[in-house]
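Undergrad: Attaching a single structure in structure tokens format; questions to follow.
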Amino acid sequence: MFNAKWRFYFVIILILGSLWVTSPIYISQTKAPYWLTKLMPPKDLKLGLDLQGGTHLVLGVDVEKVVVEQADRNAIKLDAVFKEKNIPFDSVKRVGDTSRVSVKLKNVSDEDKVREAVIKYTGMIFSASGNGEIVFDLNDEEKSYIRKNAVSQTIEAIRNRIDEFGVNETSIQAQGSDRIVVQLPGVKDVTRAKSIIGRTARLEFKIVVNDPNFGKDRIYSAVNQANEAGVVYDEKTSYADYVDKLNVWLEGKIPSDTMVLFEKKVDPSTGKKFMEPYLLQKASPVTGDDLKDAYVGYNNEFGEPYVSFQMNTNGARYMEKTTGENIGKQLAIVLDKNIYSAPVIQAKISDQGQITLGSGRPISELQQEAEDIALVLRAGALPAQLTFEEERVVGPSLGNDSIEQGKLSFILGALIVVLFMLIYYRFSGAVADIAVVLNVVILMALMMLFGATLTLPGIAGIVLTVGMSVDANVIINERIREEIRSGNTGKAALEIGYDKALWTVLDANITTAIAGIVLLQYGTGPVKGFAVTLLIGIATSVFTGVYITRWIFEYLIEKGYLRKLSI
Amino acid sequence: MFNIVKPNTNYDFVKASRIGVIASIIVIGIMMFVFFTKGLNYGVDFTGGIEMQVKFDDASVDSQKLRTVMQEIKSGDVQVQKFSDATGNEYLIRVKGSEADLNVVTKDIELKLETTFNKGSYDIRKIEIVGPKVGRELKMSAIYALIYAMLGIFIYIAIRFDYKFSPGAIVALIHDVLFTVGIFAITGYQFTLSTVAALLAIVGYSVNDTIVIYDRIREVMDKHKGISLPIMINKALNETLSRTILTTLVTFLCVLMIFIFGGSSLRDFSLALVVGMVSGVYSTVFIASPVILLMERLFGKKTAE
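So the sequences go chain by chain: A and B.
Per this note's numbering: the first sequence ends with 1172, consecutive numbering throughout.
Per this note's numbering: the second sequence ends with 427, consecutive numbering throughout.
Below is the structure:
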């Protein structure tokens, strides 16, 4: 390897470098004099949420629904294509809850034409046919693209929202194929953070259908029938799921191309909450995709907050067309399937609109909701609905306690190890102790260089590493003692001892590393932090335990300081 | 030289291991009986549910009072438990495996605390909400993780040593995992994600001891051809005895420090480590090595030649 001189410099530089990298741990950035802080490295030790306090959220993304929605869009597209091409058909519909679309033809002979058109316009693949019905499915490539895209778009939207909410050092990452992990350090109002992240924020404008043959009473009775049939809105179902199920159930029982959505209202005389159903056109000619901006405004009369929004050029054009064609009708403003208001269109509207939040609630609550809605509208809608699957919040007080307790157990553990080695192996023990201390310093330095996160189990991992790091030296020293007993001189015993013990130490540590790697794959958050410290600790402890201690011995023997080996 | 174990000991570990194996089978048998009848006290990580850690400034708040308050919550079955080793007046509020929307239940609990006690007189130090789906998945992946870790170690030992050595190490590891899980079943300590992490760490460290001894067995085999395998194993165990005891003692003391001073958040983690450490050294000496003998008897005398 290196000659002695180079090895000496290498070790010295390594030690000084590690001390420099880890200096933010020993020296408080705020208390140190200015010139000293200028010399310190910019990177501080990253603490896990369990130590600094914060929120860890795991969100489930309903990717399958996004796939199904693509099938819906294809069905609508095909409807138009067949009409344009004059292919007579009974229906183009999505099949159940799947991504398949079924086409029912009037003339069986049109099958070839239809298959050609479907492939050309939607890229769907043929899956089955018979009795004038042809079924197509999205191809697997497109499905997996849609799923992946839904997750990455959701991450993007959440990032935008959190950025506006103003949280620093957040981490938003995909986990598996349909989960997202969001880490928010030090957020106090978790409920609000959740409501901002979790809102789908899909804004739609739908024309209210005023069918003289299908009035409010018939809508109410249809909803009641669905209730009796088991389609109910309760604690176990989210509103969005309920509305979806309801509309599937209502299909065929209400006029075609319409749907039912609700406005949440409060009866002014009794103060009771109720949901008023509306019959709406299924299609949304304008959506929140064409939004330019959204902000909170205030009603002059009572100072009630509302959300004001502005459409972009494209949105304004559609809005103008839609409102122009439907003057005198009601336009429902729908956010996440809730009707917020349904004003009568008095005149053409182009690029401005308002979402009123209803009344009967304290102004402060309305104020916050208005701000949140404006924020999510600005930040963009989520492509898919989110569910909160896991939430872990650690308060700052617990985090501080954990740091103190972690420090204490580390100091006690290290003290025991150092004293034990010193007493048992005397001089060789002191050399091993240098390795133990260096091991911790290099381990911390590597963690800070890699930007790895220190968690509470991670601290335990360091204590464990301290305990285990002496193992290499115990193995080596016991070996050296054996060699001395069998008659070798100090120097020869040292060399044979190190050579023979090397592979034992390596084998023992590699098997431990195997468990560590599995742990890294298994765990998230604190547990992952443990695995990271464990793995880095294995590497550094082998290095310091074998390489550094041997170098110290050889250096001392070479310089003539060490005549007799004290072990 | 200061020795814990005098050099040139000659204990008959192989003979003693017969008693060891029987003792292990009986102890783990009882533990598994408890495990299957009483079951583990799974934390919310695995059952799904809510766990909240709340600290009260007011000393007059006690379990009874808090329990009565929490029983008024209709959306879920809320349990209250005094936090055993906290310095202050601290409680765990728990809802396990509820059918209802966990976010709703959490809100109800928070609201109840807010309306019953003065805001500012208590501190919600931790909230964990785990959906039932995630809980089931975590349980499965914990089992897979343990299997993968053991499989990896099995293969490594087979490559570096001999395939007849691998089963001994794995049996010892299974022994340690079962023993640790058994202690959790008997004591009723909460079994959480960090307990699983500790189990994997135990797998890693217990095999450490085994490897050191295997290494020595191999060396003894090379040096002393012709002597019988039980004698070789005994020789190897005796030669490495001081190392085994020293390392285990030092590491055990470190882990004990975490268990005693590491605080409540690390309790389930460090308990598993403490127990696993003890089981690990025992199984290395009394389980892993005799299994080599068994393998030898089953699969011929190749390695002894």
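Idealized CB from N, CA, C, for every residue including glycine.
DSSP three-state label for A/Ser1171, please.
TA: In the first sequence, residue 1171 of chain A corresponds to position 566, counting from 1. Three-state DSSP puts A/Ser1171 in coil, outside helix and strand.
Undergrad: What does B/Val256 touch in chain A if you count any residue whose Cβ is under 8 Å from its own?
TA: Taking the first residue of the second sequence as 1, we reach residue 256 of chain B at position 134. By Cβ distance, chain A contributes Val663, Glu994 and Glu995.
Undergrad: Thinking C-alpha only, which one of B/Ser387, B/Gly290, B/Ala294 and B/Ala319 is nearest B/Gln175?
TA: By 1-based counting over the second sequence, the position of residue 175 of chain B is 53. Considering only alpha carbons, the answer is B/Ser387.
Undergrad: Classify A/Tyr639: buried if its beta carbon has 16 or more other beta carbons within 10 angstroms, exposed otherwise.
TA: In the first sequence, residue 639 of chain A corresponds to position 34, counting from 1. Per the 10 Å Cβ criterion, exposed.
Undergrad: What does the alpha-carbon distance come out to for the pair B/Ala319 and A/Val626?
TA: Here residue 319 of chain B corresponds to residue number 197 of the second sequence, with the count starting at 1. Here residue 626 of chain A corresponds to residue number 21 of the first sequence, with the count starting at 1. Each residue's Cα considered, the two are about 29 Å apart.
Undergrad: Buried or exposed for A/Asp1038, going by 16 or more other Cβ atoms inside 10 Å?
TA: Looking up residue 1038 of chain A in the first sequence gives position 433. Result: buried.
Undergrad: Going by the beta-carbon positions, is the gap between B/Thr373 and A/Met1073 smaller than 7 Å?
TA: The sequence position of residue 373 of chain B within the second sequence is 251, counting from 1. The sequence position of residue 1073 of chain A within the first sequence is 468, counting from 1. Judged by beta-carbon spacing, A/Met1073 lies within the 7 Å limit of B/Thr373, meaning their Cβ atoms are closer than that value.
Undergrad: For B/Phe408, collect the residues of the same chain with a Cβ closer than 6 Å to its Cβ; drop the 5 residues on either side in sequence, then sort them by chain order.
TA: Position 286 of the second sequence, counted from the first residue, corresponds to residue 408 of chain B. If we look at B/Phe408 and ignore the five residues flanking it on each side, its Cβ neighbours are Ser139 and Gly142.
Undergrad: Around the Cβ of B/Ala426, are there at least 16 other Cβ atoms within 10 angstroms (buried) or fewer (exposed)?
TA: Along the second sequence, one-based indexing puts residue 426 of chain B at 304. Any reading at B/Ala426 needs caution, since the residue's pLDDT is 43, under 50, leaving its predicted position unreliable; the model's value is listed next. Answer is exposed; the Cβ neighbour count stays below 16.
Undergrad: Whose C-beta lies closer than 8 Å to the C-beta of A/Ile932 among residues of the same chain, with five residues either side of it excluded?
TA: For this step, residue 932 of chain A is matched to residue 327 along the first sequence. These residues qualify, in order along the chain: Ile950, Gln951, Ala952 and Lys953.
Undergrad: Counting only the same chain and skipping the five closest in sequence on each side, list residues whose C-beta sits under 7 Å from that of A/Val686.
TA: In the first sequence, counting from the first residue as 1, residue 686 of chain A sits at position 81. Result list for A/Val686: Ala722 and Tyr726, in chain order.
Undergrad: Report the option in B/Asn360, B/Val403 and B/Val377 whose CA atom is closest to the CA atom of B/Phe131.
TA: In the second sequence, residue 131 of chain B corresponds to position 9, counting from 1. Reading off the sequence, residue 131 of chain B comes out as Thr, not Phe. Nearest of B/Asn360, B/Val403 and B/Val377 to B/Thr131, Cα basis: B/Asn360.
Undergrad: Candidates A/Ile1115, A/Val1123, A/Ala1050 and A/Ala1019: which alpha carbon is nearest A/Ile620's?
TA: What you label residue 620 of chain A is simply residue 15 of the first sequence in a count that begins at 1. Per the Cα distances, A/Ala1050.
Undergrad: For B/Thr159, which option in B/Arg389, B/Glu212, B/Gly310 and B/Lys345 has the closest C-alpha, if you only look at C-alpha atoms?
TA: Here the question's residue 159 of chain B lines up with position 37 in the second sequence. Among B/Arg389, B/Glu212, B/Gly310 and B/Lys345, the Cα nearest to that of B/Thr159 belongs to B/Gly310.
Undergrad: Alpha carbon to alpha carbon, what distance is there between B/Tyr266 and A/Gly1134?
TA: Here residue 1134 of chain A refers to the residue found at position 529 when the first sequence is read from its first residue. Here residue 266 of chain B refers to the residue found at position 144 when the second sequence is read from its first residue. Roughly 20 Å between the two C-alpha positions.
Undergrad: Measuring CB to CB, does A/Thr1116 end up less than 7 Å from A/Ile1080?
TA: As a position in the first sequence, residue 1116 of chain A is number 511, starting the count at 1. As a position in the first sequence, residue 1080 of chain A is number 475, starting the count at 1. A/Thr1116 places its beta carbon 7 Å or farther from that of A/Ile1080.
Undergrad: Taking buried to mean at least 16 other C-beta atoms within 10 Å of its own C-beta, is B/Phe155 buried or exposed?
TA: Against the second sequence, residue 155 of chain B aligns to sequence position 33. Classification for B/Phe155: exposed.
Undergrad: With a threshold of 16 other CB atoms inside 10 Å of the CB of B/Phe421, please say whether the residue is buried or exposed.
TA: On the second sequence, position 299 is the one that residue 421 of chain B refers to. It is exposed - the Cβ of B/Phe421 has fewer than 16 other Cβ atoms within 10 Å.
Undergrad: Distance cutoff 7 Å, beta carbons only. Does B/Met379 sit that close to anything in chain A?
TA: Here the question's residue 379 of chain B lines up with position 257 in the second sequence. For B/Met379, the answer is yes, since a Cβ of chain A falls inside 7 Å of its Cβ.
Undergrad: Assuming contact is defined by CB atoms lying nearer than 7 Å, are A/Glu769 and A/Leu980 in contact in what I supplied?
TA: Counting from one through the first sequence, the residue named residue 769 of chain A turns up at place 164. Counting from one through the first sequence, the residue named residue 980 of chain A turns up at place 375. Contact flag set, yes.
Undergrad: With H, G and I counted as helix, E and B as strand and the rest as coil, what does DSSP make of A/Phe731?
TA: One-based indexing of the first sequence puts residue 731 of chain A at position 126. Of the three classes helix, strand and coil, the one that applies to A/Phe731 here is strand, per DSSP.
Undergrad: Assuming A/Leu850 and A/Val828 form a contact by the criterion Cβ under 8 Å, report the distance between their Cβ atoms to the nearest whole angstrom.
TA: By one-based count along the first sequence, residue 850 of chain A stands at place 245. By one-based count along the first sequence, residue 828 of chain A stands at place 223. The amino acid occupying residue 850 of chain A in the given sequence is Lys; Leu does not appear at that position. Their Cβ separation, rounded to whole angstroms, is 12 Å, which puts A/Lys850 and A/Val828 out of contact at 8 Å.
Undergrad: If we ignore side chains and look at the alpha-carbon of each, how far apart do A/Val772 and A/Gly803 end up?
TA: Within the first sequence, the letter at position 167 stands for residue 772 of chain A. Within the first sequence, the letter at position 198 stands for residue 803 of chain A. Rounded to the nearest angstrom, the two C-alpha atoms are 16 Å apart.
Undergrad: My output table needs one value for A/Pro693: the three-state DSSP class, helix, strand or coil.
TA: Taking the first residue of the first sequence as 1, we reach residue 693 of chain A at position 88. Judged by DSSP in its simplified three-state form, A/Pro693 adopts coil rather than helix or strand.
Undergrad: Would you please state the rounded distance, in angstroms, between the beta carbons of A/Val672 and A/Lys748? I believe it to be under 8 Å.
TA: Position 67 of the first sequence, counted from the first residue, corresponds to residue 672 of chain A. Position 143 of the first sequence, counted from the first residue, corresponds to residue 748 of chain A. The pair is a contact, with the Cβ atoms about 5 Å apart (cut-off 8 Å).
Undergrad: Between which two residues does the beta strand (DSSP E) carrying A/Arg807 extend?
TA: As a position in the first sequence, residue 807 of chain A is number 202, starting the count at 1. Element bounds for A/Arg807: n/a, residue is neither H nor E.
Undergrad: Can you check whether the CB of B/Ile195 is closer than 7 Å to the CB of B/Lys241?
TA: Here residue 241 of chain B corresponds to residue number 119 of the second sequence, with the count starting at 1. Here residue 195 of chain B corresponds to residue number 73 of the second sequence, with the count starting at 1. No; because the gap between Cβ atoms is not below 7 Å, this pair is not in contact.
Undergrad: Counting Cβ pairs, one atom from each stretch, are 3 or more of them under 8 Å apart for the segment 782-796 of chain A and the segment 959-973 of chain A?
TA: no
Undergrad: Mind pulling the chain B residues with CB within less than 9 Å of A/Phe1025?
TA: Numbered from 1 along the first sequence, position 420 holds the residue referred to as residue 1025 of chain A. Within 9 Å Cβ-Cβ: Leu368, Leu371, Val372 and Leu375.
Undergrad: In terms of residues, what are the limits of the alpha helix (DSSP H) holding A/Val1137?
TA: Here residue 1137 of chain A refers to the residue found at position 532 when the first sequence is read from its first residue. Per DSSP, A/Val1137 belongs to the alpha helix (DSSP H) from Gly1130 to Val1147.
Undergrad: How far does the beta strand (DSSP E) with A/Glu1176 in it reach, from first residue to last?
TA: Here chain A covers residues 606 to 1172 and nothing more, so residue 1176 of chain A does not appear.
Undergrad: How close, in whole Å, do the beta carbons of B/Asp167 and B/Leu395 come, if the pair is a contact with beta carbons under 8 Å?
TA: Sequence index remark: in the second sequence, residue 167 of chain B carries index 45 (1-based). Sequence index remark: in the second sequence, residue 395 of chain B carries index 273 (1-based). Contact flag wrong, Cβ pair sits at about 18 Å.
Undergrad: If contact is defined by three or more beta carbon pairs under 8 Å, each pair taking one atom from either stretch, is the segment 660-669 of chain A in contact with the segment 751-762 of chain A?
TA: Judged by Cβ distances under 8 Å, the segment 751-762 of chain A makes contact with the segment 660-669 of chain A, as three or more pairs qualify.
Undergrad: Who are the neighbours of B/Gln203 on chain A, taking C-beta pairs under 7 Å?
TA: For the purposes of this step, residue 203 of chain B is taken as residue 81 along the second sequence, with counting starting at 1. Simply none; closest approach about 17 Å.
Undergrad: Can you pull out the residues from the segment 170-188 of chain B whose beta carbon lies closer than 8 Å to at least one beta carbon of chain A?
TA: Gln175 and Lys177
Undergrad: Name the residue from A/Gly1011, A/Leu1043, A/Glu1009 and A/Phe1158 whose alpha carbon lies nearest to the alpha carbon of A/Gln1023.
TA: Numbered from its first residue, the first sequence carries residue 1023 of chain A at position 418. A quick correction: the sequence has Val, not Gln, at residue 1023 of chain A. Out of A/Gly1011, A/Leu1043, A/Glu1009 and A/Phe1158, A/Leu1043 has the C-alpha closest to the C-alpha of A/Val1023.
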